[in-house]
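Novice: Residue numbers (this note's numbering), protein chains in the order written: chain C, 8 to 348; chain S, 8 to 348.
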DNA sequence: CTGAAAGCGCTTACAG
DNA sequence: CTGAAAGCGCTTACAG
């Protein structure tokens with residue numbers, strides 16, 4: 008049988024209440040008594056039963072998720088996964104609050120963070136847009152012992168407990184390797200289309216992409232990045248215009264969201280049929296584009312995995328339980344037509 | 008506040024014990040009383056707190072995992088993940104027993120299954136080798152209400168509760184698409200190397216692979232499958248011999264394990280440097296081969312994910328809790344040099 | 001600084 | 001067929 012608090016109390020010759028105080032590092036216990044209890048714990052190999060503790064505490068985890076609003080399919084997918092997780096949260100003593108702020112708007116994000124009632128919040132996960140005020144607001148949370156997890160888009164490591172998302176430089180490199188090999192030696196130009204060059208993840212993907220193209224596929228030339236603001240309508244206009252002006256385009260790397268716009272342009276003229284297309288994020292649109300051969304590869308991060316991982320990490324931080332690193336590593340997933348879910 | 012058994016008891020005008028009987032579908036309650044309690048449950052929207060129930064029951068999940076022994080790196084990886092999971096099992100009221108049987112030996116597997124003490128086992132996960140006796144043994148488990156999950160390699164659906172693994176036909180198709188595109192239009196022959204054509208997953212991968220090659224890459228020709236018994240030493244001999252005999256080989260699809268042998272042969276002669284290689288399962292060996300350009304792509308299934316998924320599924324079957332389907336779907340992962348973990 | 005007793009939401013003998 | 005009481009492993013006022 009696993010030892011319990013009773014065994015520890017007996018071994019240490021103290022009461023349950025004192026064992027509990029030591030276990031939870033509550034003040035008001037003589038140093039000598041603390042040592043005594045800790046010895047008993049070590050001797051018996053005692054491990055606390057967290058569900059029993061949570062039951063007694065009537066613990067409820069109140070987690071706040073802050074995500075961007077707007078016409079971005081990937082973010083919609085993320086929100087959808089959050090709603091899914093909410094359904095199961097009844098079984099897990101977890102409350103999820105979903106807050107939305109304007110995309111790429113650091114001021115709005117800071118306002119929300121500053122408005123949080125710290126006494127009501129046990130943990131925060133956010134898709135970060137970096138700014139001084141945002142970083143300060145995060146610091147305030149952490150000083151109040153509220154764990155913070157960044158989702159999809161990171162801030163500097165000192166301001167959060169964990170980052171849940173992919174290495175975007177590596178994602179860009181992956182896109183480039185696929186692009187180079189799929190183009191298959193034909194020389195030509197590569198069009199780059201991002202949401203905004205003010206967002207860290209898009210910048211990083213581009214860096215990774217150009218690294219590999221210039222190092223390993225000298226026959227390919229990356230053109231200036233076009234920005235579609237992660238909006239299908241803007242994207243369509245920008246890309247249509249661009250493809251008409253440029254010659255010899257053999258590949259398109261769509262760095263951000265707005266895939267619907269990309270697809271509309273590419274299917275608008277048979278001339279674009281031979282362009283190799285690598286895009287990001289598996290959504291209904293990109294899934295279909297892969298099936299129909301409009302896209303050749305999609306780099307994805309699993310939004311469901313990210314949501315569940317963020318929840319586990321916040322809980323683990325609160326319960327001070329260990330984390331399985333590999334389970335919390337978000338993969339750079341490659342999808343082609345044949346391995347779609 | 009969430010309603011508890013007390014609220015239900017009061018609402019239904021019965022005692023806690025009776026509520027519990029109804030909740031757990033124990034016999035010896037008047038139909039009328041059952042209905043009454045169920046009404047109260049519905050009215051209050053009561054959901055049972057499973058950790059409290061497990062605490063009261065002192066429930067321990069005893070899970071048996073049966074995996075093949077032998078020199079197969081992927082299976083070693085699986086075993087390693089199981090040992091990892093064992094470390095965390097203290098926190099989860101879970102005991103994991105790992106049993107090993109000779110690979111591809113249905114008789115040995117049946118013996119182990121038949122030898123299980125059903126009163127000591129709450130759930131079984133196994134890498135299946137199919138045979139009449141194995142199927143009968145599985146049926147016996149399920150008749151005793153012990154959930155069964157197949158891992159990596161499946162049996163017919165009627166004999167298990169869940170399959171945790173990938174769709175191997177789709178995996179083969181994925182390998183073929185990558186192969187075809189990476190070869191890039193050069194005509195030539197493709198060498199196929201499997202562990203054994205008696206194992207379902209290898210057969211299925213081959214089927215998927217040949218489907219796509221013949222339909223979409225007519226310039227490529229699949230040669231007869233060679234068998235290396237998932238053993239690096241055998242594999243090396245078979246492959247070395249084969250590559251010396253055959254001409255015009257532009258690609259190699261390694262369907263099974265034994266990657267170490269494949270790598271040794273391929274690096275033994277510069278003549279093999281231009282062969283496009285697609286293999287299965289990310290291990291230390293294949294990881295390195297990707298980094299060094301010996302392999303071009305590796306199709307993987309995440310052993311850690313599979314182990315955790317099997318545990319969750321067995322638990323959910325016992326607790327009768329819902330399952331998040333997407334979380335339990337094992338991905339056909341594609342790795343190239345750039346998206347390695 | 002420390003302890004005895006009650007309670008978290010369930011289940012389990014035992015009695016009737 | 002049904003219920004009162006004790007208990008699972010922890011925590012929480014309250015008293016001293």
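We put the beta carbon where it would ideally sit given N, CA and C, even for glycine.
Could you check the C-alpha separation between residue 100(S) and residue 203(S) for me, to the nearest Å?
Specialist: Position 93 of the second chain, counting from 1, holds the residue named residue 100(S). Position 196 of the second chain, counting from 1, holds the residue named residue 203(S). Pairing residue 100(S) with residue 203(S), the inter-Cα distance amounts to about 38 angstroms.
Novice: DSSP has residue 229(C) in a bridge; who is on the other side?
Specialist: Residue numbering aside, residue 229(C) sits at position 222 when the first chain is read from its first letter. The partner list for residue 229(C) (beta bridge, DSSP) reads 197(C).
Novice: Within its chain, find whatever has a CB closer than 8 angstroms to the CB of residue 279(S); leave out the 5 residues flanking it on each side and keep chain order.
Specialist: For the purposes of this step, residue 279(S) is identified with residue 272 of the second chain, where counting begins at 1. So the list reads 250, 272 and 273, once near-sequence residues are dropped.
Novice: Counting only the same chain and skipping the five closest in sequence on each side, list residues whose C-beta sits under 7 angstroms from that of residue 292(S).
Specialist: For the purposes of this step, residue 292(S) is taken as the residue at position 285 of the second chain. The residues are 80, 266, 267 and 270.
Novice: Per DSSP, what kind of secondary structure is residue 181(C) in: helix, strand or coil?
Specialist: Locating residue 181(C) in the first chain gives position 174, counting from the first residue. In this structure, residue 181(C) counts as helix in the three-state DSSP scheme.
Novice: Taking contact to mean 3 or more Cβ pairs, one atom from each stretch, closer than 8 angstroms, check whether the region 167–183 of chain C and the region 209–216 of chain C are in contact.
Specialist: yes
Novice: To the nearest angstrom, how far is it from the Cα of residue 346(C) to the Cα of residue 193(S)?
Specialist: As a working note, residue 346(C) is residue 339 in the first chain. As a working note, residue 193(S) is residue 186 in the second chain. Looking at the two C-alpha atoms, the distance is approximately 24 angstroms.
Novice: Using 8 angstroms as the threshold, is the region 122–142 of chain S in touch with the region 54–72 of chain S, meaning 3 or more CB pairs across them?
Specialist: Yes, since at least three Cβ pairs between the region 122–142 of chain S and the region 54–72 of chain S fall closer than 8 angstroms, the two stretches touch.
Novice: Return helix, strand or coil for residue 47(S), following the three-state DSSP convention.
Specialist: Locating residue 47(S) in the second chain gives position 40, counting from the first residue. In the three-state DSSP reduction, residue 47(S) falls in the helix class (H, G or I).
Novice: Short of 7 angstroms in beta carbon distance, which residues of its chain neighbour residue 218(S), apart from the five on each side in sequence? Order them along the chain.
Specialist: For the purposes of this step, residue 218(S) is taken as residue 211 along the second chain, with counting starting at 1. Result list for residue 218(S): 180, in chain order.
Novice: Would residue 88(C) and residue 311(C) qualify as a contact pair, given that the criterion is a beta-carbon distance under 8 angstroms?
Specialist: On the first chain, residue 88(C) is found 81 positions in, with the first residue counted as 1. On the first chain, residue 311(C) is found 304 positions in, with the first residue counted as 1. Contact flag set, yes.
Novice: Looking at the structure shown, is residue 109(C) part of a helix, part of a strand, or coil, going by DSSP?
Specialist: On the first chain, residue 109(C) is found 102 positions in, with the first residue counted as 1. Strand, per DSSP.
Novice: Residue ranges of each beta strand (DSSP E) run of no fewer than 3 residues wholly in the region 245–308 of chain C, ordered along the chain?
Specialist: 256–261, 283–287 and 304–307
Novice: Can you check which of these residues, 76(C), 175(C) and 338(C), is closest to residue 236(C) by C-alpha distance?
Specialist: Taking the first residue of the first chain as 1, we reach residue 236(C) at position 229. Nearest C-alpha to residue 236(C): 76(C).
Novice: When you measure from the CB of residue 139(S) to every non-hydrogen atom of the ligand MN, does any distance come out below 7 angstroms?
Specialist: Only the bare structure without any ligand can be found here, which leaves the ligand MN out of the picture.
Novice: Nearest chain C C-beta to residue 318(S) closer than 8 angstroms, yes or no?
Specialist: Stepping through the second chain from its first residue, residue 318(S) is reached at position 311. Using a CB distance cut-off of 8 angstroms, residue 318(S) does not count as an interface residue toward chain C.
Novice: Under a CB-based cut-off of 8 angstroms, is residue 348(C) close to chain S?
Specialist: As a working mapping, residue 348(C) is identified with position 341 in the first chain. Yes, contact with chain S.
Novice: In whole angstroms, what separates the C-alpha of residue 47(S) from that of residue 56(S)?
Specialist: Here residue 47(S) refers to the residue found at position 40 of the second chain. Here residue 56(S) refers to the residue found at position 49 of the second chain. Whole-angstrom Cα-Cα distance: 16 angstroms.
Novice: Determine the extent of the alpha helix (DSSP H) in which residue 223(C) is found, giving its start and end residues.
Specialist: The residue you call residue 223(C) lines up with position 216 of the first chain. 207–223 is the span of the alpha helix (DSSP H), which, as asked, contains residue 223(C).
Novice: Near residue 224(C), which residues of its chain fall below 6 angstroms by C-beta distance, leaving aside the five closest residues on each side in sequence?
Specialist: For this step, residue 224(C) is matched to residue 217 along the first chain. Only 187 meet the Cβ criterion.
Novice: Examine chain S for any beta-carbon lying closer than 8 angstroms to the beta-carbon of residue 337(C), and answer yes or no.
Specialist: Here residue 337(C) is taken as the residue at index 330 of the first chain, counted from 1. Judged by the 8 angstroms Cβ criterion, residue 337(C) is not in contact with chain S.
Novice: So residue 134(C) and residue 158(C) are in contact, right, with Cβ under 8 angstroms, and what is the actual spacing, rounded?
Specialist: On the first chain, residue 134(C) is found 127 positions in, with the first residue counted as 1. On the first chain, residue 158(C) is found 151 positions in, with the first residue counted as 1. Confirmed, Cβ separation roughly 5 angstroms.
Novice: Return yes when the Cβ of residue 167(C) is within less than 8 angstroms of the Cβ of residue 156(C), no when it is not.
Specialist: Numbered from 1 along the first chain, position 149 holds the residue referred to as residue 156(C). Numbered from 1 along the first chain, position 160 holds the residue referred to as residue 167(C). In contact: residue 156(C) and residue 167(C) (Cβ atoms closer than 8 angstroms).
Novice: Output the distance between the C-alpha atoms of residue 138(S) and residue 131(S), rounded to the nearest integer angstrom.
Specialist: Along the second chain, read from residue 1 onward, the residue named residue 138(S) stands at position 131. Along the second chain, read from residue 1 onward, the residue named residue 131(S) stands at position 124. Distance between the alpha carbons of residue 138(S) and residue 131(S): 17 angstroms.
Novice: Anything in the region 83–99 of chain S with a Cβ closer than 8 angstroms to a Cβ of chain C? List those residues in chain order, please.
Specialist: 91, 95, 97 and 98
Novice: Are the CB atoms of residue 313(C) and residue 171(C) within a distance shorter than 8 angstroms?
Specialist: Against the first chain, residue 171(C) aligns to sequence position 164. Against the first chain, residue 313(C) aligns to sequence position 306. Yes, these two residues count as a Cβ contact at 8 angstroms.
Novice: Measuring only the C-alpha atoms, how far is residue 233(S) from residue 256(C)?
Specialist: Residue numbering aside, residue 233(S) sits at position 226 when the second chain is read from its first letter. Residue numbering aside, residue 256(C) sits at position 249 when the first chain is read from its first letter. In a straight line, the C-alpha of residue 233(S) is about 42 angstroms away from that of residue 256(C).
Novice: Just to confirm my understanding: we take residue 230(C), look at its own chain, exclude 5 residues before and 5 after, and list those with CB closer than 6 angstroms. What are they?
Specialist: Your numbering for residue 230(C) matches position 223 in the first chain. Correct list, in chain order: 196 and 198.
Novice: Are residue 306(C) and residue 339(C) close, meaning C-beta to C-beta below 8 angstroms?
Specialist: As a first step, residue 306(C) must be located in the first chain, where it is residue number 299. As a first step, residue 339(C) must be located in the first chain, where it is residue number 332. Yes, these two residues count as a Cβ contact at 8 angstroms.
Novice: Mind checking residue 82(C): buried by the 16 CB within 10 Å criterion, or exposed?
Specialist: In the first chain, the residue the question calls residue 82(C) occupies position 75. Its Cβ being crowded by 16 or more others within 10 Å, residue 82(C) is buried.
Novice: Could you give the first and the last residue of the continuous alpha helix (DSSP H) run that contains residue 25(S)?
Specialist: Reading the second chain from its first residue, position 18 is the one you call residue 25(S). That run of the alpha helix (DSSP H) goes 23–30.
Novice: With burial defined as no fewer than 16 other Cβ atoms inside 10 Å of the residue's Cβ, what is the status of residue 13(S): buried or exposed?
Specialist: Here residue 13(S) is taken as the residue at index 6 of the second chain, counted from 1. Exposed is the call here.
Novice: Would residue 67(C) pass as a contact of residue 44(C) if the rule is Cβ separation under 8 angstroms?
Specialist: Locating residue 67(C) in the first chain gives position 60, where the first residue counts as 1. Locating residue 44(C) in the first chain gives position 37, where the first residue counts as 1. Not in contact: residue 67(C) and residue 44(C) (Cβ atoms no closer than 8 angstroms).
Novice: Roughly how many whole angstroms lie between the Cα atoms of residue 112(C) and residue 119(C)?
Specialist: As a position in the first chain, residue 112(C) is number 105, starting the count at 1. As a position in the first chain, residue 119(C) is number 112, starting the count at 1. Rounded to the nearest angstrom, the two C-alpha atoms are 11 angstroms apart.
Novice: Checking contacts by CB at 8 angstroms: is residue 62(S) closer than that to chain C?
Specialist: Within the second chain, the letter at position 55 stands for residue 62(S). Yes, because at least one Cβ of chain C sits closer than 8 angstroms to the Cβ of residue 62(S).
Novice: Please classify residue 50(C) as buried or exposed, where buried requires at least 16 neighbouring CB atoms within 10 angstroms.
Specialist: Residue numbering aside, residue 50(C) sits at position 43 when the first chain is read from its first letter. Exposed, since its Cβ has fewer than 16 Cβ neighbours within 10 Å.
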